[in-house]
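Enquirer: Take the sequence shown: its position 23, counted from the start at 1, is 23 in full-length UniProt numbering, and no numbers get skipped. Every residue, glycine too, gets a C-beta built ideally from N, C-alpha and C. Please read through the structure below; I'll follow up with questions.
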Amino acid sequence: TKGYSVRFITADDFMAQCKISDSRNTLNYLIKRLSKPDVLIIDEIGYFPFDELAANTFFQIVSKRYEKGSMILTSNKSYIEWGHVFGDAILATAILDRLLHHSVTFNIKGESYRMKEKKKAGIFPANHLTT
1 TKGYSVRFIT ADDFMAQCKI SDSRNTLNYL IKRLSKPDVL IIDEIGYFPF
51 DELAANTFFQ IVSKRYEKGS MILTSNKSYI EWGHVFGDAI LATAILDRLL
101 HHSVTFNIKG ESYRMKEKKK AGIFPANHLT T
C-alpha cells in the first residue's frame, strides 16, 4: 500500500519562508516544494495578515494544487474576512473560488479547548473564550 506525502506548516512560518526564499531568489523552489505533497496543511491562517509577497505566493500554490492535491487549512477567520487576511479582496475571492470548489468546510464554534481548565478555575470570564 502506498502512503500519502504530507507537509505541515503554520501560516506564520509560510510567510517567513516566503521572505527568505524571495531574498535568496528561490521562491519558485518554495512553490514547487509546497505544491508536491499529496496533502498540504497550513495552520493558523488569519492570526497575522499576509503581506503582498506571501498572499501572491499562497495564491500560486493554491492554483498549482487546484484539482491535483488536497489541502487542509485552519483559520479563526470566516471566509468573509479573508480579504483582510490577504490584503486584497479580489485575490482572496480567487483563492476561495479554487479552495471551495471541491471542498468540505468544518465550522467549529465554542470554547477554547486549551483554556477550558482555566475557565473552570475562574481565571477567565465564561464568555471570554468563545468563538
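Arginine 7 lies in the beta strand (DSSP E); which residues open and close that run?
Expert: Translated into the one-based positions of the sequence shown, residue 7 becomes position 7. Arginine 7 -> beta strand (DSSP E) spans 6–10.
Enquirer: Between which two residues does the alpha helix (DSSP H) holding isoleucine 95 run?
Expert: To locate residue 95, count along the sequence shown from 1; it is residue 95. Taken as a continuous stretch (DSSP letters only), the alpha helix (DSSP H) holding isoleucine 95 covers 89–101.
Enquirer: Considering isoleucine 45, what are the terminal residues of the alpha helix (DSSP H) in which it resides?
Expert: For the purposes of this step, residue 45 is taken as residue 45 along the sequence shown, with counting starting at 1. From DSSP, isoleucine 45 is part of no alpha helix (DSSP H) but of the beta strand (DSSP E) over 39–45.
Enquirer: Quick one: residues in its chain with C-beta nearer than 8 Å to the C-beta of glycine 46, no 5 flanking neighbours on either side, listed in chain order?
Expert: Counted from its first residue, the sequence shown places residue 46 at position 46. Cβ within range, chain order: Ala11, Ser75, Asn76, Lys77, Glu81, Trp82 and Val85.
Enquirer: So, with DSSP's three-state summary, where would you put isoleucine 72?
Expert: For this step, residue 72 is matched to residue 72 along the sequence shown. In this structure, isoleucine 72 counts as strand in the three-state DSSP scheme.
Enquirer: Go ahead and label phenylalanine 14 buried or exposed: buried means 16 or more other beta carbons lie within 10 angstroms of its beta carbon, across all protein chains shown.
Expert: Working through the sequence shown from its first residue, we reach residue 14 at position 14. So phenylalanine 14 counts as buried.
Enquirer: Is DSSP giving glutamate 111 helix, strand or coil here?
Expert: Here residue 111 refers to the residue found at position 111 of the sequence shown. Residue state, collapsed to three classes: strand.
Enquirer: Which whole-angstrom value describes the C-beta separation of arginine 65 and leucine 40, a residue pair presumed to lie in contact below a C-beta threshold of 8 Å?
Expert: Counted from its first residue, the sequence shown places residue 65 at position 65. Counted from its first residue, the sequence shown places residue 40 at position 40. Arginine 65 to leucine 40, Cβ: 7 Å. Contact.
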